[in-house]
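Chains as they are written, first to last, in the working numbering: chain A, -1 to 487; chain B, -1 to 487. One structure is given below, encoded as structure tokens.
Protein chains: 2
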Amino acid sequence: MSSSKSNNAAASEKCLSLDNINPQFIELEYAVRGPLVIRAGQIEKELQQGVKKPFDQVIRANIGDCHAMGQKPITFLRQLLALTMDTTLFDSPDYPEDVKKRARIILDGCQGQSVGSYTDSAGIEVIRRQVADFIAKRDGAPCNYEDIYLTGGASPGIKSILSLVRAKVNGKRPGVMVPIPQYPLYSATISEYAMNRVGYYLNEDKNWSLEIPELERAFNESRKTTEPRALVVINPGNPTGQVLTRENIVDVIKFAHKHKLLLLADEVYQANIYAPNSKFYSFKSVAYEMGSPYREMELCSFMSTSKGYLGECGIRGGYMEVINMCPQVKAMLTKSITASLCSTTAGQVAVSALVYPPEKGEPSYEQYIAEKAAVLDALKERAELVYKTFNSFEGFKVNVVQGAMYAFPQIIIPPKAIAAAKAKNMAPDTFYAFELLESTGICIVSGSGFGQREGTYHFRTTILPQTDQLKIMLDKFQTFHAEFMKKYK
Amino acid sequence: MSSSKSNNAAASEKCLSLDNINPQFIELEYAVRGPLVIRAGQIEKELQQGVKKPFDQVIRANIGDCHAMGQKPITFLRQLLALTMDTTLFDSPDYPEDVKKRARIILDGCQGQSVGSYTDSAGIEVIRRQVADFIAKRDGAPCNYEDIYLTGGASPGIKSILSLVRAKVNGKRPGVMVPIPQYPLYSATISEYAMNRVGYYLNEDKNWSLEIPELERAFNESRKTTEPRALVVINPGNPTGQVLTRENIVDVIKFAHKHKLLLLADEVYQANIYAPNSKFYSFKSVAYEMGSPYREMELCSFMSTSKGYLGECGIRGGYMEVINMCPQVKAMLTKSITASLCSTTAGQVAVSALVYPPEKGEPSYEQYIAEKAAVLDALKERAELVYKTFNSFEGFKVNVVQGAMYAFPQIIIPPKAIAAAKAKNMAPDTFYAFELLESTGICIVSGSGFGQREGTYHFRTTILPQTDQLKIMLDKFQTFHAEFMKKYK
């Protein structure tokens, strides 16, 4: 009955074969967890089994997985989670009163005062209200809690909105405009839902800026085969690390309005801003300040507890704000979410911790502020370190990491290496990434997983390894790169 | 920027309207959270605002939401969750050593020893191995951990398998055979994925038995328009509460094999067996004992931490076992799951608590066994109480609640009531359920949400209210029903 036995059964006996399953499953790609990462997992097992390698550990710089790279959880958040899970801890003197107060508010908002009950499909009302207060304060603009949906990380929210717009229009497939390079959740979901991806290039030479003529070009060229319905903007950028200026956001909003595109603002890295001249502006606040008709535009914004300074990827917390949607359409969105019952209460509690942290004068405040600052300061330091170090490598071109958690350097791969990649039937950047992995244990994701201009090669690395680890990683990387260049130049 | 303002914006200005969104979103229905439940929520708010009603609370008998109805969580599970969330509790003398041991095993299986890290898309390996051990012991048949996927409740697993088979075959829509009555997750997902539902009737006169001639009828009749690909069996039954005999399962397996249907065994209520002569047999164990070729059949089985004696609906834990699947197809399934990153670690920890509970001699054992027995004994008592009480009502026909958490009585609705329902443009059973809700506060789900034979009327109620509450509910129900019959006879 084991998998291995099943391999022997005649394929013709099977109900399912590659010929008769959902073709979108075959088409879709998700590079952040693709072949490089699978190989990294195998190497880890080989190391455990004592196989000799030129390194003693795999450094997973492929995914924005903060705690996996040694980031410590924020105490306040973990205490809030533990209190809602085990209510006997309300009697413990080790738990501060402000955390107990917040846990009590959440439990009072749960049916039967238990996080073991289903919540409303959009989430626990009191937490949705906390989110609305947080957004209103952030933006200086009103926010209605009924526009907030709590989601298990940002991904399910993004998927539910893309699923909502996936109807054919005038017999044409719906199109979703996404940046190149982009985060592969978008390409994977667009494939899964049989939509068309309409890529617009970010301008690498101007620090991955988002330029309106390029949006127009992409929009117009797509229209022969596609009905563009939605525009995805990732700010701060993933994998590119740029932070949009307010002026840029104004122009993007005007563009979306002109072409009646639903705006999806992926703003999960809004707390991760490092460059001194960069500032986060939410699409909502900018649209609000622009006044009519932009203020009345439909807009979906996504946020997560996996990034920022919490980095709680495994808990799966997040929310989306959906504004100005036609009420009948919004009812359909809500209905589609109810069939999945509700997102995990642990994730909802984490969202509460994100949007309603300890306030000045409360017992948890000092520790909370110190822990938060430590995480953000370290990230800032590493953003600079990664930028400076890579820029010193031969044939590397890197933009400043203004925000988010990644660098996306361009590498000039010599023709001999391109030929060697071709011989292995690999994209040159993937070839480079595999060579790096096998000789140093460093796992990055090649640029082809995110998209890049034809003939250019990149990779994405996170800035998440702890600073001492990161220095070791960059040293190893430097040695590898010098040898790679020597070998293939 | 609030929702209310958006109502005023001209609809033509909107990107999204009912005319251009995903039509499957409009089609889908999910009765367990449908209009009756929405009205119940409004009534709760009205009661809070002081509106006078003939009752002072809403009794939510519409959904299998154990903790919401006062069921207490299992201490062992909640301690395990709290320990993995706040590791300072390892120093607490209030936490038993066996729970600490289990928490340590889980944390050692997490990247960075934190539940805040992403897990493998299929879940934390050590917990998948615990699940495999649990299944092997339950079935007396081998189980490979690589066949186990941890999922956020059973629903995402079911949806991912249905999504896998949703390809058209020979130009015909794929069909999924589901019972009538059925759990609306299936009908909702089949709608969402643009598949065809092939309903087979359970035989109400023989305690909702699953009969092969009826499966054959449904299969054959569907084939003009549909290519049947999968067969869903819910055992113990939801909403019907029956438990399949071993002989019945043998016949179903043979039927699925004969017609090359992928078997989906929804076994989330496997611990909820009440009738003295009923016993749970897993589809896997039966197929294994039948030997070749049934032992090599593809089979997907689903389990959840939301039901059984844990009742942790909000945490979102579950798993699926996928056996004998063609390795290339399984790779596509895994790939499709990776794009959603991973299920919540809280849910994965809950699965660990389900499959690896305290063992005899360990410090938590006695309390765990006592708490588990208390929940299951109370459910058994209520299953009998509901059956006996409803059977005494005029015009009610109820089958024994052998298992699961529901009764699905048939009610004879008098012609005058049917006419009154018609005047309100309502199904007669929905009319009955709304009358019950408005006059007693009891929220049930009408049979039309699950499917029923034309011209028959039913409703589903849970057996979850605490026994004293349940008695009050049944008394109120009896009074209401007598008055309803008097009014409309």
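For glycine and all other residues, C-beta sits at the position ideal for the given N, C-alpha and C. Just so it is clear, the structure is predicted and the values come from calculations on it, not from any experiment.
Mind checking who residue i pairs with in its DSSP beta bridge?
| i | result |
| --- | --- |
| A:G345 | A:G345 is not bridged to any residue. |
| B:P172 | B:E225 |
| B:E319 | B:I146 and B:S299 |
| B:K395 | B:Q408 |
| A:Y198 | A:P177 |
| B:I367 | Its beta-bridge partners do not exist; DSSP assigns none. |
| A:S207 | A:N201 |
| A:I57 | A:I440 |
| B:I271 | B:G401 |
If you run the structure through DSSP and keep just helix, strand and coil, what is residue i?
| i | result |
| --- | --- |
| A:T303 | coil |
| B:T243 | coil |
| A:S492 | Limits of chain A in this structure are -1 at one end and 487 at the other, which puts residue 492 of chain A out of reach. |
| B:K484 | helix |
| A:L260 | strand |
| A:F475 | helix |
| B:R451 | coil |
| A:V327 | helix |
| B:T387 | helix |
| A:T238 | coil |
| A:T117 | coil |
| B:I232 | strand |
| B:G401 | strand |
| A:F457 | strand |
| B:V266 | coil |
| A:S90 | coil |
| B:I251 | helix |
| B:V35 | helix |
| B:N5 | Note that B:N5 has pLDDT 43, beneath the 50 cutoff, so the model's placement of it is unreliable and the number below is only indicative. It is helical. |
| A:S112 | coil |
| B:L468 | helix |
Confirm the yes/no value for this check: CB of residue i, any heavy atom of the ligand GDP, distance under 7 Å.
| i | result |
| --- | --- |
| B:R76 | Ligands in the displayed structure: none, and consequently the ligand GDP is not present. |
Could you give the residue range of the alpha helix (DSSP H) that holds residue i?
| i | result |
| --- | --- |
| A:F74 | T73 to M83 |
| B:E433 | P426 to T438 |
| B:E95 | E95 to D106 |
| A:F23 | P21 to E25 |
| A:Y292 | No alpha helix (DSSP H) contains A:Y292, which DSSP labels as neither H nor E. |
| B:Y286 | F281 to M288 |
| A:L183 | P182 to E190 |
| B:F217 | I210 to S220 |
| A:F132 | E123 to D137 |
| B:I313 | That residue, B:I313, is in no alpha helix (DSSP H); it is neither H nor E in DSSP. |
| A:P154 | S153 to L162 |
| B:K358 | Here B:K358 belongs to no alpha helix (DSSP H), and DSSP marks it neither H nor E. |
| B:P413 | P413 to A421 |
Where does the unbroken beta strand (DSSP E) through residue i begin, and where does it stop?
| i | result |
| --- | --- |
| A:G48 | Segment: none, A:G48 is in no beta strand (DSSP E) and carries neither H nor E. |
Quick test of your reading: residue i and residue j, contact by CB under 8 Å. State the CB separation rounded to the nearest angstrom.
| i | j | result |
| --- | --- | --- |
| A:S207 | A:N246 | 7 Å |
| A:I61 | A:G439 | A:I61 to A:G439, Cβ: 15 Å. No contact. |
| A:L200 | A:T238 | 6 Å |
| B:K258 | A:C13 | 5 Å |
| B:L34 | B:F278 | Actually they are not in contact, since the Cβ atoms of B:L34 and B:F278 sit about 31 Å apart, beyond 8 Å. |
| A:S283 | A:P94 | Not a contact, Cβ separation roughly 33 Å. |
| B:V241 | B:D264 | Rounded, the Cβ-Cβ distance is 13 Å, inconsistent with contact. |
| B:I519 | B:T459 | This structure gives no information on residue 519 of chain B, because the portion of chain B shown stretches from -1 to 487. |
| A:E319 | A:D145 | 5 Å |
Spell out a yes or no on whether the region 184 to 196 of chain A and the region 147 to 162 of chain A are touching, meaning 3 or more CB-CB pairs, one atom from each, closer than 8 Å. Segments in contact, yes.
I'd like to know if the region 70 to 80 of chain B and the region 325 to 341 of chain B are in contact, where contact means that at least 3 CB-CB pairs between them fall below 8 Å. Three or more Cβ pairs closer than 8 Å define a contact, and the region 70 to 80 of chain B falls short of that threshold against the region 325 to 341 of chain B.
If contact is defined by three or more beta carbon pairs under 8 Å, each pair taking one atom from either stretch, is the region 107 to 122 of chain A in contact with the region 392 to 412 of chain A? Proximity of the region 392 to 412 of chain A to the region 107 to 122 of chain A falls short of the contact definition, fewer than three beta-carbon pairs being nearer than 8 Å.
Would you be able to state if there are at least three C-beta pairs under 8 Å between the region 446 to 459 of chain A and the region 177 to 184 of chain A? yes
Given 8 Å as the limit, is there contact between the region 268 to 276 of chain B and the region 302 to 309 of chain B, that is, 3 or more CB pairs closer than that? Yes, the region 268 to 276 of chain B touches the region 302 to 309 of chain B.
Cβ contact check for the region 44 to 62 of chain B and the region 46 to 65 of chain A: 3 or more pairs under 8 Å: no
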